[in-house]
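J.: Going by the UniProt record's numbering, the sequence shown wraps up at 135, each residue one higher than the last.
Backbone N, C-alpha and C define an ideal beta-carbon position, used for all residues, glycine too.
As the structure is a prediction and not an experimental result, all values here were calculated from the model.
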Amino acid sequence: MEEYRSHAHSVSSCKYHFVWCPKYRHPVLDVVENDVRELFDETADHFGHEILALEIADDHVHLFVQTDPKYSPSNIARQFKSYSGKHLLERDPEIRESYFWGGGFWKVGYYVGTTGAVSKEVVERYIEETEHAPE
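1) If you check the beta carbons only, do I51 and L29 fall under 7 angstroms apart?
2) Tell me whether G113 is buried or exposed, calling it buried when 16 or more other Cβ atoms sit within 10 Å of its Cβ.
3) Using only the heavy atoms of the ligand HEM, determine whether one of them is closer than 6 angstroms to the beta carbon of E42.
4) When DSSP labels each residue in this structure, what does T130 get in the three-state scheme?
5) By how many angstroms is the C-alpha of D58 removed from the C-alpha of V65?
6) In terms of alpha-carbon separation, which member of Y126, E90, K70 and L63 lies closest to H9?
7) So H60 and W20 are supposed to be a Cβ contact under 8 angstroms. How far apart are they, rounded?
8) When DSSP labels each residue in this structure, what does G85 get in the three-state scheme?
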């Protein structure tokens with residue numbers, strides 16, 4: 001795992017922890033776990049994300065990714081959820097008929113948390129202790 005990513009004019013460390021559920025919180029992910037892993041890997045490869053951790057419970061997913069700062073957390077969630085949801089329903093029509101008759105595999109909402117190389121307290125202390133040149 002790379003701690004930092006170098007870009008043309010910047011260096012970044014953007015890591016996000018996501019959690020989301022299938023619609024109606026149906027406990028179906030154990031049935032499609034391998035497909036979810038494959039589709040998430042394809043999404044990460046396509047957009048240049050690095051999956052740092054992925055845990056799939058029967059009714060929710062934890063995804064920890066490192067990415068470039070050009071992607072907002074909402075864009076990242078949309079990328080993973082839309083691609084995987086579409087293909088999961090295509091691959092398993094029985095699940096679609098039994099659980100997702102209204103269309104769409106994932107719930108609309110999600111949780112996202114950011115992580116970084118330093119804590120909030122370290123950043124606050126750095127800003128407070130940095131000497132600023134008089135104007």
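T.: Put simply:
1) Here residue 51 corresponds to residue number 51 of the sequence shown, with the count starting at 1. Here residue 29 corresponds to residue number 29 of the sequence shown, with the count starting at 1. No, Cβ-Cβ distance for I51 and L29 is not below 7 angstroms.
2) Counted from its first residue, the sequence shown places residue 113 at position 113. G113 is exposed by the Cβ-count criterion.
3) Inclusion of the ligand HEM in the displayed structure is not the case, the ligand content being empty and no account of it being possible.
4) Position 130 of the sequence shown, counted from the start, is the residue given in the question as residue 130. It is coil, neither helix nor strand.
5) On the sequence shown, position 65 is the one that residue 65 refers to. On the sequence shown, position 58 is the one that residue 58 refers to. Computed Cα separation, rounded: 20 angstroms.
6) Taking the first residue of the sequence shown as 1, we reach residue 9 at position 9. It is K70 whose Cα lies nearest to the Cα of H9.
7) On the sequence shown, residue 60 is found 60 positions in, with the first residue counted as 1. On the sequence shown, residue 20 is found 20 positions in, with the first residue counted as 1. With 8 angstroms as the limit, H60 and W20 qualify as a contact, their Cβ atoms being about 7 angstroms apart.
8) On the sequence shown, residue 85 is found 85 positions in, with the first residue counted as 1. Helix at G85.
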